[in-house]
Structures are given as C-alpha cells and as structure tokens.
Amino acid sequence: MEQPAVPPTTAATITTNITASPAPNNEFESPPPPPPTTQQALPTTVSTVTSNVTAPAPIPETESRSPPPEEAQDKSSAPPSSGTSVSQMQRQIQSSLSSQPSKLNIPARLAQTLQRTVPAATKTYTIYGQTEALFKSCAAQADYTIPQDQRMNILTGKGPAKEASQEGAELGHPLPENKHAWWFTTLNLPPTFSTWSQITFLHLYVIATQLRAVLDTESEFQNYHRYLIEHFSREAEDKMVLLHNLNAQGIRSRYLKDLLLQWRGILVSYDEGLVKGDAVLASAIWRNLFRADEDVDWVKVAQVVAFLRLAVRKVGSMTMDDMIRHLNSQQTGTSIWPASQGSIATIVGKQSRGINAPFEQ
Numbered sequence: 001m002e003q004p005a006v007p008p009t010t011a012a013t014i015t016t017n018i019t020a021s022p023a024p025n026n027e028f029e030s031p032p033p034p035p036p037t038t039q040q041a042l043p044t045t046v047s048t049v050t051s052n053v054t055a056p057a058p059i060p061e062t063e064s065r066s067p068p069p070e071e072a073q074d075k076s077s078a079p080p081s082s083g084t085s086v087s088q089m090q091r092q093i094q095s096s097l098s099s100q101p102s103k104l105n106i107p108a109r110l111a112q113t114l115q116r117t118v119p120a121a122t123k124t125y126t127i128y129g130q131t132e133a134l135f136k137s138c139a140a141q142a143d144y145t146i147p148q149d150q151r152m153n154i155l156t157g158k159g160p161a162k163e164a165s166q167e168g169a170e171l172g173h174p175l176p177e178n179k180h181a182w183w184f185t186t187l188n189l190p191p192t193f194s195t196w197s198q199i200t201f202l203h204l205y206v207i208a209t210q211l212r213a214v215l216d217t218e219s220e221f222q223n224y225h226r227y228l229i230e231h232f233s234r235e236a237e238d239k240m241v242l243l244h245n246l247n248a249q250g251i252r253s254r255y256l257k258d259l260l261l262q263w264r265g266i267l268v269s270y271d272e273g274l275v276k277g278d279a280v281l282a283s284a285i286w287r288n289l290f291r292a293d294e295d296v297d298w299v300k301v302a303q304v305v306a307f308l309r310l311a312v313r314k315v316g317s318m319t320m321d322d323m324i325r326h327l328n329s330q331q332t333g334t335s336i337w338p339a340s341q342g343s344i345a346t347i348v349g350k351q352s353r354g355i356n357a358p359f360e361q
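Under the UniProt record's numbering, the sequence shown has 191 at position 191, and the numbering climbs by one with no breaks.
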C-alpha cells in the first residue's frame, strides 16, 4: 500500500530503514516502466536528511538546456545606448534652451531645428519660399490695376479703354507705388497685361541667369525654375479673372500656354543676345517688350539693353541670400532694380567710338 505524500516542510525530514519489498510478479501485467535517468530534487529551505543516504547537490544543466528567451522589450521606452536617461536628456535640453537665448520665437526656432535635422524634408518648402520672394520682386516692377467701375461689364458691354499699340489690349493704371516707375515714365510703356508680363519675364530672366550659375545641380535649378513659373502662372490667372473678367477656364488655359511659349522663347533669344552682342539682344527685346513696333524709339530699346546687362552683372556677384535681401530692399541705392536704372541714361547718351568711323568696304 502506497504511503500518502508528505507535504513540504521547513524542518528536516527523517525516514526509517524500511525498504519496500518489490511487488509480486504477475505474468499478466506489463512490467513497470524504467525509472527516469535523472531526478530533480524538490526545492527546500534546508537540507534533507535520510538514514544512511546523503542526497547530492543538484548539478545545473547549463549545457543541455538552452537559455530562456529574453522578454521582448519596447524599443520606444528603452534608454539610449549611450547610457543617458530620459530625465538627463530633458535637463540638457532645458539648460541649452535657457543658456542660449534667441530673438526668434518658438515656431521659428523649431523650424530651424527641423531644418538642421531633416534638411531633405524642408528643402521643398525652402525653395518655394525663396522663389515666391523672388517672383514678387519681379512682378512688382510694372504692376497695374483696373478700377472696379472700369472693368469689363458683361451685361452692358462696357469696359476699360483699349491700347491701340497692343492690338486693343485693355488699358489699366499703374499702382500708386509704380506711378513714377521707370518703365512708365521714361519708356512710356502702357500699363497693360502684356507690358506687365513681358517686364516680369525680363526680370525673371535676370534671376534665372544667376540661378543657373550658383546652383549645384541641374535638378536643383529645375526645381527653382518650376516654382518661379508656377508663381507667375497663378498671378497671371488671378489678373485675368479679377481685372479682365476672363471667367472661362478654356480661354485662360490657352493664354497661359501662349505665355509659357513666350517665356521659352525669351530664354533662348536673350541668351543669344548676351553672347552675340547688343544688336541681337536689342532685336529680341524689340520683338518681345515692344511687340515689334516699327515706329519704336530705338533709344528706349537701347536703354532696356543697358538695363538688362547691368542687372545681370550686378546679380551675378551675389549669393542666393544676398540676392533676396537686395531684391526686397526698400532703401535708396540698395535695391538692385533702381540701381540698375540709375546710370542707364548716361551710358546710352555716350557717343559710340565708331560712330564717325568710315565704313569698311
């Protein structure tokens, strides 16, 4: 008869020298299973004492058993590999912010930090902001408006006055800040959409010429060029809708396509003029800005040629940051556009050294 199991106790367990006799062999019963090769000792707080038997200490099975798998840890809550705790990092950030005061507000400081850490993510926004500033400076040189009461009225059919020299283009008025602009006073160009677009293109050409020189790769220049044209297209379409009541999308799209073709032609023709000479450059300016007017005053064409060369030379000595700062400067003599126009009359008024030279046969 089997003895009941003795519950574990902290005291020593004493057994007697009683050896259980083997059970009678029964030929109809299967033999008992062999005893396990290894037995694990029950954990106790004190050693177990038996009569005439000493239990050996258990041998750790480090070789036969694989180490237990480590529990998965949340990487987001794990401390930094350098050993710096989260509280120490927070104290370092707070001390750096308090020890380095800045005049910028918190959003601006966060933007600067983001730009230093992930420049690729902020590059597009940087290009967009820079091209917007450049375009606004170019578009403001000959900007115009049409008063509300003079705009085209669909019901009455009345609209603003027409400019005969520009195939009946609607005539506007210079903005108050452009009332004494060089383009309207000295050159006597009419304040129309065509004049605004061509003068804006001329200034954009000066910017594009410098961008091709200062930017490192062609893809970077294409990004700047694409955003410049995007700003121009948006502003041109706004003028079509607000000032000229062109509400039909199809008509606006056709005009924008024509303007894009004109811009591509300007890039080629002005580049050719800068390389081949003033006569070729004057011909390109006459075709675009003066609309190939046969009665044009060629002194005015020469003044635009001189302006373009002076602007390209001055912008060519500037970095990107300097160019944006000088373009938007309101101080007298610091903005590059009025500075380029200041000495034009003197340059054009000089007599050419070859004017009295005999013609070569």
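Backbone N, C-alpha and C define an ideal beta-carbon position, used for all residues, glycine too.
These numbers come from a predicted model, not from an experiment.
Residue i: buried (16+ other C-beta within 10 angstroms of its C-beta) or exposed?
| i | result |
| --- | --- |
| Thr-44 | Confidence is the limiting factor: at Thr-44 the pLDDT is only 48, short of 50, which leaves the residue's position unreliable and the question unanswerable from this model. |
| Asp-143 | buried |
| Leu-310 | buried |
| Pro-160 | buried |
| Leu-242 | exposed |
| Gln-210 | buried |
| Tyr-125 | exposed |
| Ser-317 | exposed |
| Gln-73 | Here Gln-73 scores only 47 on pLDDT, less than 50, and its place in the model should not be relied on; the value that follows carries that caveat. Gln-73 is exposed by the Cβ-count criterion. |
| Leu-187 | buried |
| Thr-319 | exposed |
| Gln-40 | For Gln-40, the predicted structure reports a pLDDT of 49, less than 50, and the residue's modelled location is therefore unreliable. The matter cannot be settled from this model. |
| Leu-155 | exposed |
| Ser-87 | exposed |
| Ile-207 | buried |
| Thr-131 | buried |
| Val-304 | buried |
| Pro-69 | With a pLDDT of 49 at Pro-69, under the threshold of 50, the modelled position of that residue is not reliable, and no figure is offered here. |
| Ile-355 | exposed |
| Ile-106 | exposed |
| Ala-357 | exposed |
| Ala-248 | exposed |
| Asp-180 | What sits at residue 180 in the sequence shown is His, not Asp. The residue in question, His-180, is exposed, as its Cβ has fewer than 16 Cβ neighbours within 10 Å. |
So what does DSSP say about residue i, is it helix, strand or coil?
| i | result |
| --- | --- |
| Lys-276 | helix |
| Glu-230 | helix |
| Lys-350 | coil |
| Ala-181 | coil |
| Gly-250 | helix |
| Leu-281 | helix |
| His-203 | helix |
| Asn-288 | helix |
| Gln-130 | helix |
| Leu-259 | helix |
| Ser-77 | Only weak support exists for where Ser-77 lies, its pLDDT of 43 falling under 50; the value from the coordinates is given anyway. In the structure shown, Ser-77 sits in coil (DSSP, three-state: anything other than H, G, I, E or B). |
| Thr-124 | helix |
| Ile-355 | coil |
| Ser-137 | helix |
| Thr-48 | For Thr-48, the predicted model reports a pLDDT of 46, less than 50, meaning its position is unreliable and no value from the coordinates is stated. |
| Leu-155 | coil |
| His-225 | helix |
| Leu-327 | helix |
| Thr-195 | helix |
| Thr-217 | coil |
| Met-240 | helix |
What are the residues that DSSP puts in a beta bridge with residue i?
| i | result |
| --- | --- |
| Thr-145 | His-173 |
| Lys-162 | Glu-170 |
Relative to the C-alpha of residue i, which candidate in the options has its C-alpha closest?
| i | options | result |
| --- | --- | --- |
| Ser-253 | Ser-233, Glu-272 and Val-301 | Ser-233 |
| Pro-191 | Thr-209, Asn-223 and Gly-168 | Gly-168 |
| Gln-198 | Thr-319, Met-152 and Arg-264 | Arg-264 |
| Leu-308 | Ile-154, Leu-204 and Gln-130 | Leu-204 |
| Glu-177 | Ala-302, Lys-239 and Gln-141 | Gln-141 |
| Leu-189 | Asp-238, Leu-289, Gly-250 and Met-152 | Leu-289 |
| Phe-184 | Ala-279, Gly-354, Gln-341 and Ala-208 | Gln-341 |
| Pro-338 | Ser-194, Arg-151 and Trp-182 | Trp-182 |
| Asp-278 | Val-301, Val-268 and Ile-266 | Val-301 |
| Gly-273 | Ala-306, Trp-298, Met-152 and Tyr-255 | Ala-306 |
| Asp-238 | His-225, Val-280 and Tyr-255 | Tyr-255 |
| Gln-166 | Phe-193, Leu-215, Ala-345 and Lys-276 | Phe-193 |
| Val-299 | Tyr-270, His-326 and Thr-346 | Thr-346 |
| Asn-153 | Ala-213, Leu-246 and Ile-127 | Leu-246 |
| Tyr-128 | Gln-222, Asn-356, Gln-249 and Ser-269 | Gln-222 |
| Ser-219 | Ile-336, Gln-112 and Lys-123 | Lys-123 |
| Ala-236 | Leu-215, Tyr-224 and Trp-196 | Trp-196 |
**Request:** May I ask you to verify whether the region 255 to 266 touches the region 134 to 149, counting CB pairs closer than 8 Å and requiring at least 3?
**Result:** no
**Prompt:** Using 8 Å as the threshold, is the region 141 to 156 in touch with the region 165 to 185, meaning 3 or more CB pairs across them?
**Reply:** yes
**Prompt:** How do the region 293 to 300 and the region 312 to 319 stand: do at least 3 beta-carbon pairs fall below 8 Å, yes or no?
**Reply:** no
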